[in-house]
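K.L.:
Residue numbers (the working numbering), protein chains in the order written: chain P, 1 to 340; chain A, 341 to 631; chain Y, 632 to 883. The structure is given below, and queries will be raised subsequently.
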Amino acid sequence: MKLLNHKMATVFTVLGALLVLVAPQYLKNYGIYLLTYWLIFIIATMGLNLTIGYAGQKSLGHAAFFGIGAYTVAILMKAGFSFWLGLPAAALICFAVGLILGFPALRVQAIYLAFATLGFNTAIWLVMRNEEWLTGGTFGINNIARPAILGYSLEANRPYYYFVLVVTLILSGLLWGLLRSPWGKAFRALRDNPIRAESLGVDIRNYTLLSFAIGAVYAGIAGALFASLVQFIEPAPFAVGASIMMYLMVVVGGAGYFLGPIVGAAVGVVLPEWLRDVPFVSNWYLPMFGAAVVVLMVWLPDGLLSIPDRIRDRRAARDASAARKIAAGVAATKRVGAAS
Amino acid sequence: MTDFLQLFFSGLATGSIYALAALGFTLLWQASGTINFAQGEFVMLPAFMLLGFISLGAPMLVSFVLTVLLAVLLLGWVFKRGVVDPLFKYGMMPIVVATIGLSIAMRNGVRAGYSAEAHPFPSLFADKLYNIAGVTITLQDVGTFALAMVIVMATQAFLAKTVTGRAMQAVAQNTESASVLGINVPRMIFYTFAINAVLAVAAALLVTPTYLAKFDMGEGLGTKAFFAAIIGGFNNSRGALLGGLIVGVCENLASAYISPAYKDAVALVIFMIVILFKPQGLLGKKEERKV
Amino acid sequence: MTNPVLKVTDLKKSYGAIQAVGGVSFEVMPGEIFGVIGPNGSGKTTMFNSVLGQISPDAGAIELNGKNITGLSPLELSRRGVGRTFQTLQVFGKMTVRDNLIVAAQEHKGSMLSRMFSPGDSGLGAKADALIDQFRIRHVAGKPAGTLSYGQQKLVDIAMAFMAEPDLVLLDEPCAGVNPSLVGGISSLLKELNQNPKFGRKGSFVVIEHNMDFVMDLCHRIMVMVEGRVLAIGTPAEIRGNKEVLDAYLGN
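Quick look at the structure:
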């Protein structure tokens with residue numbers, strides 16, 4: 001497990017918990033909205049992190065599931081059904097479609113798989129854009145309501161934020177449990193050495209399919225929450241560009257690190273918004289963001305969460321070289337002693 | 341029938357531009373395992389470089405030469421040394437994300453730094469129409485196709501027939517053996533990047549007059565180039581040519597005979613069929629899973 | 632008369648015009664360490680890979696404890712109690728050594744569904760620790776396997792093959808690329824694992840190796856393969872004195 005040492009981890013967790021619980025009291029409506037947006041993308045990228053970070057697959061079509069989740073909720077609610085039917089429906093449909101997407105992964109290698117998922121995304125997006133009778137086409141679906149829970153309305157930004165926060169925590173907990181169980185090791189084995197894994201009895205086929213399916217479910221739930229957050233959906237946020245951004249978020253945060261999506265989604269969602277408000281930046285916030293990503297990758301190819309590991313490795317290397325110097329010095333003294 | 345032929349020939353022209361971008365993309369992949377998600381922007385930037393030089397008063401030919409030099413420097417040398425070399429041993433993920441960042445930076449950098457508008461672009465070919473047996477073809481189309489073909493053939497001849505070219509191929513197929521044979525691997529890889537830059541400049545020259553220079557012109561082009569490269573065969577440079585032409589022609593035909601809305605779907609559909617049934621591409625060689 | 636653990640009958644595999652394996656037959660008895668030697672290109676690895684389901688043979692039968700296993704996939708073979716090591720290092724680089732060992736056996740415990748709710752080490756922690764101590768890699772047990780030295784990774788690689796207590800383990804050049812000082816260590820480890828039924832069963836091993844001293848010292852019986860065929864099968868003493876074997880190695 002790649003965690004900071006226990007004391008630091010507890011401190012960070014407590015601080016983080018306080019922050020997410022208390023922050024909305026001090027933020028204006030837009031700030032709360034942005035925070036909710038961030039949480040939704042954390043959920044989506046957690047799923048992608050499982051698929052590409054822990055299971056080592058290639059997926060450049062994640063936003064398609066995001067979109068399927070969003071449109072499922074939107075279409076069902078438009079037809080008069082409740083959000084609480086739409087949400088599990090989104091999850092189930094995405095699980096099924098995710099399994100289907102996993103099948104090419106069994107037959108097609110690495111880079112070709114990446115392109116296959118890209119193609120899948122484009123296909124789904126085209127359906128969203130062209131099949132007006134179902135999805136409203138480029139006009140999209142609007143007036144998506146926010147749900148009520150046990151009679152309590154989640155219409156306002158703040159209550160909806162807390163609802164999304166609870167969902168995020170539940171889904172994180174479930175994923176954490178899954179990764180700690182033998183499944184986590186099986187996924188990692190699939191990533192690190194699929195041939196060896198298979199010869200040890202790891203069912204490569206099933207775990208590959210499930211890595212796509214579970215990742216898809218997370219994106220689907222995120223999409224469902226997204227639909228009610230933004231209350232108007234159209235195909236654009238579910239195109240290949242969005243998948244590429246999600247991929248960027250996972251890698252920049254740190255693929256295979258559990259907390260990577262938190263940082264990655266912050267970089268992808270919050271950073272550009274924050275940059276936009278910085279004086280002198282204005283129009284340049286996007287090119288700066290792009291340049292920052294390039295610099296970040298060159299400096300930290302394993303993502304931001306690999307910083308503790310790098311510090312530890314550097315310290316270990318320094319200790320090892322110091323130990324060698326001491327050993328050499330001792331040996332030299334011995335020789336001198338023996339000679340004299 | 342004449343409609344069909346007209347669409348076919350103008351499709352060949354567009355397709356040959358895709359072929360240029362796809363060829364550079366394929367070469368980069370073969371030589372250094374780089375998936376360049378900024379390939380479309382690599383075509384967009386030289387278009388604006390050229391416009392920039394012209395607006396500074398330089399004559400066309402001088403601007404062109406300067407653009408080629410600048411492109412080779414930035415998109416070849418700086419890109420290789422600054423981005424690809426440090427990330428080479430970390431696998432596909434960091435390079436992919438770095439080129440994504442690069443494409444965002446380039447696209448929006450041009451938008452913020454130059455202009456968000458579409459700019460007319462000087463054409464190499466005069467505005468002439470030909471009428472052959474009832475089929476109307478523009479000089480632009482013919483010239484584009486011919487010039488692009490010449491460049492692609494020249495590149496392939498260079499790779500196959502010259503010593504340097506064959507050394508580059510050796511590096512692409514087996515880097516370790518190549519370096520053991522005394523081939524200067526880093527330099528050969530740099531040449532690949534330089535060739536990609538030149539191909540991108542050529543593509544810019546040919547595509548921009550029709551579609552105008554705009555900061556986002558790289559997006560669609562980049563995607564089509566990926567598809568074309570895969571369809572043709574990612575481990576075979578001749579595949580890029582075939583893939584590009586197929587995409588160009590089919591797109592045009594689909595747009596007219598099926599529906600303009602699904603024009604983009606054509607490249608996608610062909611791509612999906614190829615990926616599922618012959619993932620190594622139409623001309624590609626099967627890559628075995630290594631134990 | 633005990634039944635053989637592994638019985639290979641008339642195994643054949645060709646690659647186009649080249650017959651890599653041309654009718655190989657042999658038996659491995661329970662508890663036996665069976666060596667396979669032969670010059671390069673003699674078909675040893677092809678034969679191995681055929682038995683292990685990595686490639687499918689053109690003809691011939693392979694039986695494990697009397698049951699036909701010809702053409703089964705590596706996954707199915709693992710479930711039936713066949714383990715292997717690879718010629719090139721194959722460990723899970725980013726996982727710790729201990730996790731490498733745990734994952735090597737976890738898929739044999741319960742079903743995929745039940746494993747979702749099992750504790751992280753599937754109850755294999757003690758066994759993994761025991762093997763770690765036996766292989767003397769306790770000091771690196773918590774480090775990512777990819778950061779270890781080649782020799783240490785080789786030990787992890789071999790240990791992984793034994794975690795699931797297979798009836799039959801096939802080792803493909805366990806000493807390849809290993810420091811000479813470690814070869815003796817590997818030999819004694821394999822003898823320990825063969826003779827000391829710590830985990831209940833006495834394992835049968837098939838070992839491909841080029842290191843002649845290693846093979847002669849370790850194996851109960853040895854099979855010599857040349858150009859896809861069996862030249863001789865016998866005890867180390869018999870093989871050492873076999874003129875045909877000497878000719879094959881020194882060239883005729």
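Glycine included, each C-beta is placed from N, C-alpha and C at the ideal position.
What separation, rounded to the nearest whole angstrom, lies between the Cα atoms of A596/A and G584/A?
P.N.:
About 19 Å.
K.L.:
Which residues does DSSP list as the beta-bridge partners of I864/Y?
P.N.:
According to DSSP, I864/Y bridges with M854/Y.
K.L.:
Does V809/Y come out as helix, strand or coil in the three-state DSSP assignment?
P.N.:
Coil at V809/Y, not helix or strand.
K.L.:
Given this structure, state the Cα-to-Cα distance separating S463/A from L410/A, to the nearest angstrom.
P.N.:
S463/A and L410/A: Cα-Cα distance of roughly 21 Å.
K.L.:
Taking 8 Å as the CB-CB cut-off, is I244/P touching chain A?
P.N.:
Interface residue, yes.
K.L.:
Contact check, V383/A vs A543/A under 8 Å by CB: the rounded distance?
P.N.:
Indeed they touch by this definition, with Cβ atoms about 5 Å apart.
K.L.:
Out of curiosity, what's the CA-to-CA distance linking M1/P and G177/P?
P.N.:
Reliability of the predicted coordinates at M1/P is poor, the pLDDT of 42 falling under 50, and the value obtained from them is presented with this limitation in mind. About 13 Å.
K.L.:
Smallest Cα separation from S742/Y: which of A186/P, K7/P and W133/P?
P.N.:
Ranking A186/P, K7/P and W133/P by Cα distance to S742/Y puts A186/P first.
K.L.:
With a threshold of 8 Å between beta-carbons, can F419/A be considered close to chain B, or not?
P.N.:
You won't find chain B in this structure, because its protein chains are P, A and Y.
K.L.:
Straight-line CA distance for N634/Y to L703/Y?
P.N.:
Their backbone Cα atoms lie some 21 Å apart in a straight line.
K.L.:
Quick one, which residues of the segment 105-134 of chain P are near chain A if we go by CB-CB under 9 Å, in chain order?
P.N.:
Residues R107, V108, Q109, A110, I111, Y112, L113, A114, F115, A116, L118, G119, F120, T122, A123, L126, R129 and N130.
K.L.:
Counting Cβ pairs, one atom from each stretch, are 3 or more of them under 8 Å apart for the segment 670-683 of chain Y and the segment 799-807 of chain Y?
P.N.:
Contact holds: three or more Cβ-Cβ distances are below 8 Å.
K.L.:
Less than 7 Å between C-beta atoms, sequence neighbours within five positions excluded: which residues of the same chain meet that for A735/Y?
P.N.:
For A735/Y, where only same-chain residues beyond five positions count, the Cβ hits under 7 Å are M791, M794 and A795.
K.L.:
8 Å is my cut-off, CB to CB: does L3/P come that close to chain Y?
P.N.:
Bear in mind that a pLDDT of 47 at L3/P, under 50, signals an unreliable position, so the number given afterwards is only what the model happens to contain. Not closer than 8 Å to any Cβ of chain Y, the Cβ of L3/P fails to qualify, so no.
K.L.:
Give the straight-line distance between the Cα atoms of V20/P and P272/P, rounded to the nearest whole angstrom.
P.N.:
The alpha-carbon atoms of V20/P and P272/P are separated by roughly 20 Å.
K.L.:
At the level of alpha carbons, what is the spacing between F344/A and N592/A?
P.N.:
Distance between the alpha carbons of F344/A and N592/A: 9 Å.
K.L.:
Does the beta carbon of A70/P sit closer than 8 Å to a beta carbon anywhere in chain A?
P.N.:
Cβ-Cβ to chain A under 8 Å: no for A70/P.
K.L.:
When you compare only the Cα positions, how much space is there between E858/Y and L622/A?
P.N.:
Answer to the nearest angstrom: the Cα atoms are 38 Å apart.
K.L.:
Looking only at C-alpha atoms, which of F530/A, A473/A and P386/A sits nearest to G416/A?
P.N.:
Looking at the Cα atoms, F530/A is the closest of the given residues.
K.L.:
Can you find a CB in chain Y that lies within less than 8 Å of the CB of E198/P?
P.N.:
It does: the Cβ of E198/P has a partner Cβ on chain Y nearer than 8 Å.
K.L.:
Would you kindly work out how many angstroms separate the C-alpha atoms of Y430/A and V424/A, rounded to a whole number?
P.N.:
Their Cα atoms are separated by approximately 10 Å.
K.L.:
Considering Cα atoms alone, identify which of V490/A, V482/A and L616/A is closest to L347/A.
P.N.:
Selected option, being the one with the closest Cα: V482/A.
K.L.:
Is the shortest distance between the beta-carbon of M743/Y and the beta-carbons of chain P less than 8 Å?
P.N.:
Yes, contact with chain P.
K.L.:
Check the Cβ of G290/P against every Cβ in chain A and list those closer than 9 Å, keeping chain order.
P.N.:
Within 9 Å Cβ-Cβ: I440, G441, L442, S443, I444, A445, M446, R447, N448 and G449.
K.L.:
Beta carbon of S306/P, beta carbon of G223/P: below 8 Å?
P.N.:
No, the pair does not count as a contact, with Cβ atoms beyond the cut-off.
K.L.:
Could you check whether the Cβ of M8/P sits closer than 8 Å to any Cβ belonging to chain A?
P.N.:
No, because no Cβ of chain A sits closer than 8 Å to the Cβ of M8/P.
K.L.:
What three-state label does DSSP hand V631/A in the structure shown?
P.N.:
Confidence in V631/A is poor, its pLDDT being 35 and thus under 50, which makes the residue's placement too unreliable to answer from.
K.L.:
Tell me the DSSP secondary structure of S282/P in three-state form.
P.N.:
In the structure shown, S282/P sits in a helix (DSSP, three-state: H, G or I).
K.L.:
Go through its chain and collect everything with a Cβ distance to M245/P's Cβ below 6 Å, but skip five positions before and after it.
P.N.:
Taken in chain order, the residues that qualify are G268.
K.L.:
Comparing the C-beta of G782/Y with each C-beta of chain P, is any distance below 8 Å?
P.N.:
Not closer than 8 Å to any Cβ of chain P, the Cβ of G782/Y fails to qualify, so no.
K.L.:
Quick check: the Cα distance between A322/P and R315/P, rounded to an integer number of angstroms?
P.N.:
Near 10 Å, if we compare the C-alpha coordinates of R315/P and A322/P.
K.L.:
Runs of 4 residues minimum, wholly inside the segment 689-753 of chain Y: which ones carry the alpha helix (DSSP H) assignment?
P.N.:
Within the segment 689-753 of chain Y, the complete alpha helix (DSSP H) runs of at least 4 residues are 705-710, 728-737 and 743-747.
K.L.:
In the DSSP assignment, what residue or residues form a beta bridge with I649/Y?
P.N.:
According to DSSP, which records beta bridges pairwise, I649/Y is partnered with Y646/Y.
K.L.:
Does any CB atom of chain P fall closer than 8 Å to the CB of L561/A?
P.N.:
Closer than 8 Å: no.
K.L.:
Which partner residues does Y152/P have in the DSSP bridge list?
P.N.:
Answer by DSSP bridge pairing, in chain order: I149/P.
K.L.:
Which value, in whole angstroms, describes the spacing of the CA atoms of L106/P and P619/A?
P.N.:
Cα-Cα distance, rounded: 12 Å.
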